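**Q** Quick one: this structure, given as C-alpha cells, is what I'll be asking you about.
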Amino acid sequence: MADKQLTIALAGNPNSGKTTIFNAITGSHQHVGNYPGVTVEKKEGQVSRDGVNLRIVDLPGTYSLTAHSIEEIVARNFILDEEPNVIVAIIDSSNMERNLYLATQLIELDMPLVLAFNMSDVAESRGFRIDVQSLSELLGVPIVQTVGHKKKGIDELLKAVLDVGQNPVQAVAKQRHPNYGGEIEPHVDQIQRLLEDRCTLDRHLRWFAIKLLEGDEETHKRVGNLCPESIGMLTDQADRLRSHVESICGDDAEIILADRRYGFISGACTETVVQTVEARHERSDRIDSVLTNRYLGLPIFAVLMYLVFHLTFTLGEPPMGWIEEGIGWMGERVENFWPADSNSTLRSLILDGIIAGVGGVIVFLPNILLLFLAIAILEDTGYMARAAFIMDRLMHKIGLHGKSFIPMLIGFGCSIPGIMATRTLETRRDRLTTMLVLPLMSCGARLPIYALIIPAFFPSAWRGPMLWVIYFIGILLAIVGAKLLRATLFRGQTTPFVMELPPYRMPTLRGVTIHMWERSWLYLKKAGTIILGVSIVLWAMTTFPKKIDLDRDYDTLIAQVENQQADPELAAEKVAELKNARQAEVLSYSTIGRIGKAIEPVIRPMGFDWKIGTATIGALAAKEVFVAQLGIVFSVGEADEESDSLREKLRARYTPLVGFCVMLFMLITAPCIATVAVVKREANSWAVALLQFAGLTVLAWVITTAVFQIGRLVT
Amino acid sequence: MNQVAGKPKRAKLSPSMEDYLEAILLLVRRGRVARVRDIAKHLGVGMPSVTAAMKTLSRRNLVNYDPYEVITLTDVGRDKAGEINHRHRVIREFLTEVLALDGASAEANACRMEHAVDVDFLERLQLFLDFTQRRTTDGNDWIGQFQEFYRNAATLSKTSDSDENGGDMSDTGTTEEDRSAGIKTLADFKPPQKVRIVRISGATAANRRLVEMGLTKGTIVSVLRVAPLGDPFEIKVRGYNLSLRKAEARGIEAQEVPQ
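Chains as they are written, first to last, in our numbering: chain A, 1 to 715; chain B, 1 to 259.
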C-alpha cells in the first residue's frame, strides 16, 4: 500500500451538517484539540481509502471568509497556511444561496474544491429539485449529494475528493470565478498583476487581490509579510482603486463585492434549481409560531426550563440509589479486608479518602447525564437559538447578547463547557462579561450540594421550589453582575444580534448521545483526576497531624458508660456523644481543622462553623468535593459504623437557615479551580481569572452574611 | 475594518457626516454636551450609526472621540461645522423669506440642500437675499406680491407640499433625508409584510454581516415575527430564517412589496 497522504479540510456554514459529515467520514478515528494560539476547537480524523491516507480537518463553521470573527480568521489561516490538498465545502441543500456564498469565496482561493450538497433529502421534501450536473458545470466544481446522518453519499464524496486531490491542477483550472463586472474586474486584474510581478507570489493571487481591494486587514498583514518591500505601493494602489470603485458604485467595496457574489449565486440557482412545490408555510415556521409566539413564547420557555430541572432531579433519583448501594457494597468489601478494630492508615485512606470522596461525586452522575441530555436535545432540535431569540431583549438590557444566553444555559450543566461556548460571541467585551458572571449559573457540580442539603432540612413539598429559588437567585445575581460590569469595566456598545434560526430538526439518538457524552466525560474525568487527587490531599489534611495523646481517655470513658448505664438507649446516646467529642478533638488537631478554625471568625457571621469551613476549602478544588469533604469530616473515626447518614448528622447539627446559607454561599462563591484555569485560558489573562475568583468570593460572603443575620433576627 | 483609514484624507465629507458635524455644533451651542446618545436623539438615528460616524470623523481629525468621553469638535471640525451651519441658515432664510415655505418644510429642505451647494452658489444666494431686503425697504414689495400669487395658486390646486413634508416629520428612526423622501427602514415593517431591500451601506459591522448573510440590495425579505419581548425580530431571507434587532434593521432602507 502506498502511504500517500492527503489533507482534506471541511468548510461550511454553521448548521450545514458539517459535523455529521465529519463523523460519517471518520467514524471513531478522531481527536479534538485547539487551533494553535486561539481557543477554537479543531477536530481531526484519519481515514484510509484506495491506499491513500486522508487526514480530515473540520474547520470552524463560518458564513464567510472575511475577517469579522475569530472562526473566520482561523478557517482561512488554516487554508492559507497549511494548504490542504482538497477543501470540501458542505452545503445545506435546503438553504443553497447563503451556503454557496462561502463556496464562491472558496472558489476564489484557487484550490481543489468539492461541494457536498448535504441534507439533500430535506431539500427534496421541501420541493427543491437541483440540477446538480448543470450547477457543477456552471461552477466548475464537482458536486456530490449527501445525507450526513444516513451516511448516504459519503463513498461518492470520498471518491470525488480523491479524484480532485490527485489531479489538483486540472481541478482548479475548471473552476469558474464569480465575475464582478466591468467596473471591478480590471481593478482586480491590476492588483493581481502587481502581486505577480512585484511580489512573485504564485498562489491565491485572485483572492489576495480581491481582499486587498476590499481593504481586508488580515490579508494586508499577510501580504506584508510575504513581500515587505512592495506592500506600501500595493496598499496605495488598492486604496486608490477602492476609492474609485466606491465612488462609482456609491458603496463600500466589501458590500459591492458581496452583492455581486450573491448575484452570481442567484444566477446559477435560477438556472439549476426548480421549486416543484410552491413554498408554503413550513413545519418549522408552524412550530415557531407557537414556541416563539408573542404571548406563549415566554411561558413555554419558562416551563421548558422548569421541566429540565425537575426531570433532572426526579428521574435521577432511582439510579442514584443504585450507585449509592454499589459504593456502599464496595466500601464494605474493602473494610472487611482489615480486622474490625484495625487502625490502618491505608484502610482509612481507601475508605474515607478515595471511596468516600470519588464515590460522593459519581453518585451524581445520573443527574449530570440527564441535564446534559436535556441541553443536548435543546441544542440539536434548534430550540437553543430560539431561546437566544426570546431572551435577547432581556440580555441586551443587561448589556449582553442573546447568544450569551446559550453559554449561560450550558453553565447550568458545567461552567467549563459554558465558558468554552462563549467562543460564539463576537467581541471580547461580550465574552469576558459572560464568562465572569457565568459561574453564577448554578452548575451541575453544585447540584450534589443542594441534593444533600435540601432533603436534609426541608420537607418534601418545599424541595422543588427551594431548588428553583437557589437557581433563580443565581440568575438574578448574574443579571445584576453583568449590568454592573457593562457599566464599569466593559463599557461600550453591544454587538449586533444577527443570528440564524435554523429549522427545527428531530434530534438523532446518535447526535444527542455524542453531545451528552462529550460533556459528561469532562465531568467524569474531573472525578477521576482532580477530585481523586483532591480527595487524597483532603484526607491527608484531615488525618494528619494525628493527635496521639487525647485530652480525655475516650475508650475508658465509653467502657465506663457501657458498664454503668442500665438503660441501653441512654447508654448509646452517651457513647455517641463521647465518640463525637473524640472526633471533634482529632479533627480540630488536623491540618484542615486548623485551617477551618483559622477562618472560623471570618465565616461565623454566615452561620458556618469550622466543619463547613473545611468543606468550603475542599470545594475550591471542585464544587462536588464539598459533599465528599463533609462526608469525611463527619465520618472520621467511625468508619466501621454505617448507622447515621450524613443528612441526619447535618440536621442534628445545623438549622435550616444555616443549610440555606450553605447553599447560597456555595452558589455564589469562587468557582472551582478547573473553572479558574479555563477562564484564564479562554480570556488569556490571569487578571480576569483572579478578578472573578476574588470578586465572587467577596460577593458570596456579603450576601450570605446578610441573609444569615437577617434570617436569625426573623426566626 | 480599516477601509476608511485607507481613503484619501481630503475627500469630500458625505452628507450624513456633515449632518453629524452640524449636530455636534448645535448641541454644544445650546450649552449641552454631545454624547453618542444625544447625537442619536438629535438626528433620530441609531446609536451604532453615530458611533461609526464618530470613528470616521475622528479619523479625519474633525472630532475628538473617545468611547467614554464627551465628543468635542477639533478646530478644523469647528470651522467645517460652522461652514455647514452657515450654508444651512442662508438656505433656510431664502426658503422662508423668499419662497414663503413654512418653518418645518424649510428646515427639511435646507437640511438636504446644504450638502449639495458650493461656495459660489451660496455667495450668490446671500447677495440675492441682501438685495431683496433692500428692495423691500425701498417700498417695492415684489416679494409680498409673489407670496400672494403663491397663496392663490395653492388654493386652486389643493396639493400642498408643505403639508406632506410636515406630516413626514413625525416619523422616527429614519434620517432627516430619508423621511422626506418617504424611505422606510426594515424596522418600520410588521409581520407579515414583505419588503425589498433598497439600500444597505457598509457603515456598520452589523450591516456588513447582514450583507454576507444575503441581505443584498434588491433582496425580498418577509417579516415573520417579533420576539415576545418586542425585540429582536425574525425575517425570512433567501429561504432561511434570520433574527436581528430593530436597531440594526434601522440601517437598512426597505420598501414594501405588495403580497
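C-beta atoms are modelled at their ideal positions from N, C-alpha and C, and glycine is treated no differently. Bear in mind the structure is a predicted one, so any value in this text is a computation, not a measurement.
Which residues in the same chain as Ala171 (chain A) place their Cβ atom closer than 7 Å to its Cβ, once the five residues preceding and following it in sequence are excluded?
**A** The residue labelled residue 171 (chain A) in the question sits at position 171 within the first sequence. Same-chain partners within the cutoff: Pro112 and Val164.
**Q** Can Tyr471 (chain A) and Phe544 (chain A) be called in contact, C-beta distance under 9 Å?
**A** In the first sequence, counting from the first residue as 1, residue 471 (chain A) sits at position 471. In the first sequence, counting from the first residue as 1, residue 544 (chain A) sits at position 544. Not in contact: Tyr471 (chain A) and Phe544 (chain A) (Cβ atoms no closer than 9 Å).
**Q** Check whether the Cβ atoms of Thr272 (chain A) and Ile390 (chain A) sit closer than 9 Å, and answer yes or no.
**A** Within the first sequence, the letter at position 272 stands for residue 272 (chain A). Within the first sequence, the letter at position 390 stands for residue 390 (chain A). No; because the gap between Cβ atoms is not below 9 Å, this pair is not in contact.
**Q** By the three-class DSSP mapping on this structure, what secondary structure does Glu44 (chain A) have?
**A** As a working note, residue 44 (chain A) is residue 44 in the first sequence. It is a strand residue.
**Q** Can you name, in chain order, every residue of its own chain whose Cβ lies under 7 Å from the Cβ of Glu72 (chain A), other than the five neighbours on each side?
**A** For the purposes of this step, residue 72 (chain A) is taken as the residue at position 72 of the first sequence. So the list reads Thr62, Ser64, Leu65 and Thr66, once near-sequence residues are dropped.
**Q** Could you tell me how far apart the beta carbons of Leu758 (chain A) and Asn367 (chain A) are, in whole angstroms, since I believe they sit closer than 8 Å?
**A** Outside the displayed range of chain A (1 to 715) lies residue 758 (chain A), so it cannot be described from this structure.
**Q** According to DSSP, Asn241 (chain B) sits in a beta bridge with which residue or residues?
**A** In the second sequence, the residue the question calls residue 241 (chain B) occupies position 241. Partner(s): A:Leu501 and B:Lys236.
**Q** So with CB distances below 7 Å, who are the chain A contacts of Ser243 (chain B)?
**A** Here residue 243 (chain B) corresponds to residue number 243 of the second sequence, with the count starting at 1. Neighbours of Ser243 (chain B) in chain A, taken as residues at a C-beta separation under 7 Å, are given in chain order as Phe389, Phe497, Met499 and Leu501.
**Q** Counting only beta-carbon separations shorter than 9 Å, does Tyr654 (chain A) have a partner in chain B?
**A** Taking the first residue of the first sequence as position 1, residue 654 (chain A) is located at position 654. No, Tyr654 (chain A) lies away from the interface with chain B (no Cβ there is under 9 Å from its Cβ).
**Q** Return the residue from the list A:Lys403, A:Glu585, A:Ser125 and A:Phe660 that minimises the CA-CA distance to Arg283 (chain A).
**A** By one-based count along the first sequence, residue 283 (chain A) stands at place 283. Among A:Lys403, A:Glu585, A:Ser125 and A:Phe660, the Cα nearest to that of Arg283 (chain A) is on A:Ser125.
**Q** How about Glu641 (chain A): is its C-beta nearer than 9 Å to some C-beta of chain B?
**A** In the first sequence, the residue the question calls residue 641 (chain A) occupies position 641. For Glu641 (chain A), the predicted structure reports a pLDDT of 32, less than 50, and the residue's modelled location is therefore unreliable. The matter cannot be settled from this model.
**Q** Counting Cβ pairs, one atom from each stretch, are 3 or more of them under 8 Å apart for the segment 125-139 of chain A and the segment 231-251 of chain A?
**A** no
**Q** Considering only DSSP beta bridges, list what Ser222 (chain B) is partnered with.
**A** Mapped onto the second sequence, residue 222 (chain B) falls at position 222. According to DSSP, Ser222 (chain B) bridges with B:Lys194 and B:Lys236.
**Q** What residues in its chain sit with their C-beta under 8 Å from that of Ala268 (chain A), if we drop five residues either side in the sequence?
**A** In the first sequence, counting from the first residue as 1, residue 268 (chain A) sits at position 268. Closer than 8 Å at the Cβ level, and outside the excluded window around Ala268 (chain A), lie Leu100, Leu135, Leu138 and Leu139.
**Q** Kindly indicate if chain A contains any beta-carbon less than 9 Å away from that of Met213 (chain B).
**A** Residue 213 (chain B) sits at position 213 when you count from the first residue of the second sequence. With 9 Å as the cut-off, Met213 (chain B) counts as an interface residue toward chain A.
**Q** If the cut is a Cβ gap below 7 Å, which residues of chain B does Leu298 (chain A) touch?
**A** By 1-based counting over the first sequence, the position of residue 298 (chain A) is 298. Those within 7 Å of Leu298 (chain A) in chain B are Pro228.
**Q** Using the three-state DSSP reduction, which class does Ile252 (chain B) fall into: helix, strand or coil?
**A** What you label residue 252 (chain B) is simply residue 252 of the second sequence in a count that begins at 1. If DSSP states are grouped into helix, strand and coil, Ile252 (chain B) belongs with the strands.
**Q** List, in order along the chain, the chain A residues whose C-beta lies closer than 7 Å to that of Tyr307 (chain B)?
**A** In the structure as shown, chain B begins at 1 and stops at 259. Residue 307 (chain B) is therefore absent and cannot be evaluated.
**Q** Are any of the Cβ atoms in chain A nearer than 9 Å to that of Ser170 (chain B)?
**A** Reading the second sequence from its first residue, position 170 is the one you call residue 170 (chain B). At Ser170 (chain B), the pLDDT of 34 sits below 50, so the modelled position is not reliable; the number obtained from the coordinates is stated separately. False, the Cβ-Cβ gap to chain A never drops below 9 Å.
**Q** On the criterion of 16 or more Cβ atoms from any shown chain inside 10 Å, does Gln255 (chain B) qualify as buried, or is it exposed?
**A** As a first step, residue 255 (chain B) must be located in the second sequence, where it is residue number 255. Gln255 (chain B) is exposed by the Cβ-count criterion.
**Q** Suppose you measure from the CA of Cys227 (chain A) to the CA of Asn85 (chain A); what does that come to, to the nearest Å?
**A** The sequence position of residue 227 (chain A) within the first sequence is 227, counting from 1. The sequence position of residue 85 (chain A) within the first sequence is 85, counting from 1. So the alpha carbons of these two residues sit roughly 25 Å apart.
**Q** Mind listing which residues of the segment 198-209 of chain B have their C-beta closer than 9 Å to chain A's C-betas, in chain order?
**A** Arg199, Ile200, Ser201, Gly202, Ala203, Thr204, Ala205, Ala206, Asn207, Arg208 and Arg209
**Q** From Gly607 (chain A) to Arg712 (chain A), what distance separates their C-alpha atoms?
**A** As a first step, residue 607 (chain A) must be located in the first sequence, where it is residue number 607. As a first step, residue 712 (chain A) must be located in the first sequence, where it is residue number 712. Approximately 9 Å between the Cα atoms of the pair.
**Q** Taking the C-alpha atoms as reference points, what is the distance between Ile536 (chain A) and Leu425 (chain A)?
**A** For the purposes of this step, residue 536 (chain A) is identified with residue 536 of the first sequence, where counting begins at 1. For the purposes of this step, residue 425 (chain A) is identified with residue 425 of the first sequence, where counting begins at 1. Rounded to the nearest angstrom, the two C-alpha atoms are 39 Å apart.
**Q** Which of the three DSSP states, helix, strand or coil, is assigned to Ala11 (chain A)?
**A** For the purposes of this step, residue 11 (chain A) is identified with residue 11 of the first sequence, where counting begins at 1. In the structure shown, Ala11 (chain A) sits in a strand (DSSP, three-state: E or B).
**Q** Shorter than 9 Å from the beta carbon of Thr216 (chain B) to some beta carbon of chain A?
**A** By 1-based counting over the second sequence, the position of residue 216 (chain B) is 216. Thr216 (chain B) counts as touching chain A.
**Q** Would Val636 (chain A) pass as an interface residue toward chain B - the criterion being a Cβ-Cβ separation below 9 Å?
**A** Along the first sequence, one-based indexing puts residue 636 (chain A) at 636. In this predicted model, Val636 (chain A) has a pLDDT of only 40, less than 50, meaning its place in the structure is not dependable enough to derive any value.
**Q** Could you tell me the alpha carbon to alpha carbon distance between Ile479 (chain A) and Arg386 (chain A), rounded to whole angstroms?
**A** Numbered from its first residue, the first sequence carries residue 479 (chain A) at position 479. Numbered from its first residue, the first sequence carries residue 386 (chain A) at position 386. The straight-line gap from Cα to Cα measures roughly 20 Å.
**Q** Using beta-carbon positions only, say whether Leu106 (chain A) and Arg222 (chain A) come within less than 9 Å of one another.
**A** The residue given as residue 106 (chain A) occupies position 106 in the first sequence. The residue given as residue 222 (chain A) occupies position 222 in the first sequence. No, these two residues do not count as a Cβ contact at 9 Å.
**Q** Go ahead and pull the three-state DSSP assignment for Val560 (chain A).
**A** Here the question's residue 560 (chain A) lines up with position 560 in the first sequence. The question names Val, yet the displayed sequence has Gln at residue 560 (chain A). Three-state DSSP puts Gln560 (chain A) in a helix.
**Q** Compare the Cα-Cα distances from Ala106 (chain B) to each of B:Phe94, B:His115 and B:Val117 and report the closest residue.
**A** The count along the second sequence starts at 1 and reaches residue 106 (chain B) at position 106. Among B:Phe94, B:His115 and B:Val117, the Cα nearest to that of Ala106 (chain B) is on B:Phe94.
**Q** Between Tyr262 (chain A) and the rest of its own chain, which residues show a CB-CB distance below 8 Å, the 5 nearest in sequence each way excluded?
**A** Translated into the one-based positions of the first sequence, residue 262 (chain A) becomes position 262. Excluding positions up to five away in sequence, the list reads Glu97 and Tyr101.
**Q** To the nearest angstrom, how far is it from the Cα of Gly51 (chain A) to the Cα of Pro168 (chain A)?
**A** Translated into the one-based positions of the first sequence, residue 51 (chain A) becomes position 51. Translated into the one-based positions of the first sequence, residue 168 (chain A) becomes position 168. Their Cα atoms are separated by approximately 18 Å.
**Q** May I have a chain-ordered list of the alpha helix (DSSP H) segments no shorter than 4 residues that lie completely inside the segment 113-189 of chain A?
**A** Runs of the alpha helix (DSSP H) inside the segment 113-189 of chain A: 120-125, 132-139, 154-166 and 168-174.
**Q** Unbroken alpha helix (DSSP H) runs of length 4 or more, entirely within the segment 308-344 of chain A: which are they?
**A** none
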